[in-house]
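A short write-up of the structure that comes next.
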Amino acid sequence: MDNKLSELSKPVAWRFVSLKGDIVFSAIKPIRDPDGKTEQPLYSQWYVSALLAKLEAKDKRIAELDASETQLIQERDEAEIALADMYEAATGSRPEWSNFFGFADAVEEVAQVRVTAEGDEQ
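Residues in the sequence shown are numbered from 65 upward in steps of one, following the working numbering.
Below is the structure:
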């Protein structure tokens, strides 16, 4: 599609504004436009449609990624709650998450409590 899009991206006509303010259309680009402001390229509807289709596909992908991120955040929050509940059941207090005490630390501490409890039973 990129080759087609590249071909379609070429202007199909030009709109010129003369020094008197008259508007002229031409299929041929002038050899020289001194200020670059008096000519305007005109593109085919196919090119515009192709660009809109690409934009729509990107918008769809962004929406998919947003939904995925929202789901991941929800799953992470649910896992954090489950881990906090497990930690509280094992230690008797809720964990205080920080940069120094994370999920792995909580699991390790619960494992230590379990090892200690199993040692006391024997």
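Backbone N, C-alpha and C define an ideal beta-carbon position, used for all residues, glycine too.
Just so we're clear, the structure is a prediction, and the values are computed from it rather than from any experiment.
In chain order, what residues of the same chain have a beta carbon less than 8 Å from the beta carbon of residue i, not counting five sequence neighbours either side?
{"i": "Val-177", "result": "Ala-154, Thr-155"}
{"i": "Val-174", "result": "Met-150, Tyr-151, Ala-154, Thr-155"}
Tell me whether residue i sits in a helix, a strand or coil according to DSSP, three-state version.
{"i": "Phe-165", "result": "coil"}
{"i": "Lys-45", "result": "Limits of the chain in this structure are 65 at one end and 186 at the other, which puts residue 45 out of reach."}
{"i": "Arg-125", "result": "helix"}
{"i": "Ala-72", "result": "Here residue 72 is Leu; the residue named in the question, Ala, does not match the sequence. Note: Leu-72 maps to helix in three-state DSSP."}
{"i": "Ser-113", "result": "helix"}
{"i": "Ser-157", "result": "coil"}
{"i": "Leu-147", "result": "helix"}
{"i": "Leu-136", "result": "helix"}
Any idea which residues DSSP pairs residue i with across the strands?
{"i": "Trp-78", "result": "Ser-90, Pro-105"}
If the criterion is Cβ atoms closer than 8 Å, does the pair residue i and residue j meet it?
{"i": "Phe-165", "j": "Leu-147", "result": "no"}
{"i": "Leu-136", "j": "Tyr-111", "result": "no"}
{"i": "Tyr-107", "j": "Pro-159", "result": "no"}
Can you list, in chain order, the residues of its chain with a C-beta nearer than 6 Å to that of residue i? Leave out the 5 residues immediately preceding and following it.
{"i": "Val-222", "result": "The requested residue 222 is not part of the displayed model; the chain covers only 65 to 186."}
{"i": "Ala-91", "result": "Ala-77"}
{"i": "Ile-126", "result": "none"}
Hey, is residue i close to the ligand PLP, as in C-beta under 7 Å from one of its heavy atoms?
{"i": "Gln-135", "result": "In terms of ligand content, the structure shown is empty, and the ligand PLP therefore cannot be addressed."}
Checklist entry - Is it a yes or a no for the region 118–125 touching the region 77–84, going by three-plus beta-carbon pairs under 8 Å? => result no
Next on the checklist: With a threshold of 8 Å, are at least 3 pairs of Cβ atoms found where one atom belongs to the region 100–119 and the other to the region 132–148?
Outcome noted: no
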